[in-house]
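First the structure, in the form of structure tokens, and then the observations on it.
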Amino acid sequence: SSIQFIYAGRDSGQFSHWIQQYGLEDCFVNRGFLTREETLNLQRRSHLQLLLTSATDQWTGVFTGKVFEYFESGNPVLVLIKGAKDLEFEQLMKSTGAGKVFYDPPEETGALSNFLIDLYRSWKDTGTLDWTVDRIFIEHNLSWNGQTRKILEGVNIL
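Mapped onto my numbering, the consecutive letters of the sequence shown carry residue numbers 11 to 168.
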């Protein structure tokens with residue numbers, strides 16, 4: 011198969027269940043727990059990162075460290091949010107150009123399928139994805155160095 015779903019982490023049970031539910035066992039690889047360096051290498055070699063999260067009306071805009079790790083890979087991020095609309099996540103993806111947000115339940119029938127098919131066709135035709143992540147924005151505003159610079163600039167104001 012030209013598509014692989016590669017899972018790395020400790021808690022693969024739910025993901026494995028979904029893979030079986032949709033008959034995708036032939037293209038699923040469970041790498042288990044990896045070191046940080048192995049994880050970052052895997053992310054850099056991947057074409058698309060998948061981030062699963064949830065939101066409620068009272069709880070949105072929760073960005074884990076994984077989000078910023080994915081940004082550093084330079085690859086697009088597919089964010090699947092179960093629950094309420096998360097405007098903060100949508101704004102983060104839009105401002106960085108780092109990916110696209112979809113919801114469960116879906117807001118728009120076929121939107122996720124169309125997104126994945128378009129990326130797949132781009133990859134199949136060119137060997138790359140037709141996607142540009144704004145690495146300058148990410149480095150300047152969201153990286154450890156960018157955040158440290160903002161803090162130090164704030165201290166200098168005082």
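C-beta: ideal position from N, C-alpha, C; glycine also.
field: Proximity below 7 Å, CB of Pro86 to CB of Trp141
entry: The residue given as residue 86 occupies position 76 in the sequence shown. The residue given as residue 141 occupies position 131 in the sequence shown. Result yes, Cβ atoms of Pro86 and Trp141 sit closer than 7 Å.
CA nearest to the CA of Ser56, picked from Ser64, Ile91, Thr63 and Glu79: Locating residue 56 in the sequence shown gives position 46, counting from the first residue. Minimum Cα distance to Ser56 is reached at Glu79.
field: As assigned by DSSP and simplified to three states, the class of Pro41
entry: In the sequence shown, residue 41 corresponds to position 31, counting from 1. Reading off the sequence, residue 41 comes out as Arg, not Pro. Under the three-state reduction of DSSP output, Arg41 falls in the strand class.
query: Since Leu139 contacts Leu58 with CB under 8 Å, what's their CB separation in whole angstroms?
result: The count along the sequence shown starts at 1 and reaches residue 139 at position 129. The count along the sequence shown starts at 1 and reaches residue 58 at position 48. Leu139 to Leu58, Cβ: 7 Å. Contact.
- prompt: If you check the beta carbons only, do Ala94 and Asp67 fall under 7 Å apart?
  reply: Your numbering for residue 94 matches position 84 in the sequence shown. Your numbering for residue 67 matches position 57 in the sequence shown. Contact flag set, yes.
Separation of Lys110 from Gln101, as counted between CA atoms: As a first step, residue 101 must be located in the sequence shown, where it is residue number 91. As a first step, residue 110 must be located in the sequence shown, where it is residue number 100. The alpha-carbon atoms of Gln101 and Lys110 are separated by roughly 10 Å.
query: Would Tyr17 pass as a contact of Phe25 if the rule is Cβ separation under 7 Å?
result: Locating residue 17 in the sequence shown gives position 7, counting from the first residue. Locating residue 25 in the sequence shown gives position 15, counting from the first residue. Taking the C-beta atoms as reference points, Phe25 is found nearer than 7 Å to Tyr17.
- prompt: Using a Cβ-Cβ cut-off of 8 Å (strictly less than) and excluding sequence neighbours within five positions of Met103, which residues of its own chain qualify?
  reply: Taking the first residue of the sequence shown as position 1, residue 103 is located at position 93. The answer, listed in chain order, is Val87, Val89, Gly109, Lys110 and Val111.
- prompt: If you follow the alpha helix (DSSP H) that Ala121 is part of, which residue opens it and which one closes it?
  reply: Here residue 121 refers to the residue found at position 111 of the sequence shown. Element bounds for Ala121: Ala121 to Thr136.
Nearest-angstrom beta carbon gap, Ile91 and Ser64 [assumed within contact, 8 Å]: Taking the sequence shown and counting its residues from 1, one reaches residue 64 at position 54. Taking the sequence shown and counting its residues from 1, one reaches residue 91 at position 81. Confirmed, about 6 Å.
task: Let me know if Asp128 comes out buried or exposed under the rule of 16 or more other beta-carbons within 10 Å of its beta-carbon.
output: By one-based count along the sequence shown, residue 128 stands at place 118. Burial call: exposed.
field: For Tyr17, the first and last residue of its enclosing beta strand (DSSP E)
entry: Counted from its first residue, the sequence shown places residue 17 at position 7. Following the DSSP letters along the chain, one finds Tyr17 inside the beta strand (DSSP E) bounded by residues Phe15 to Ala18.
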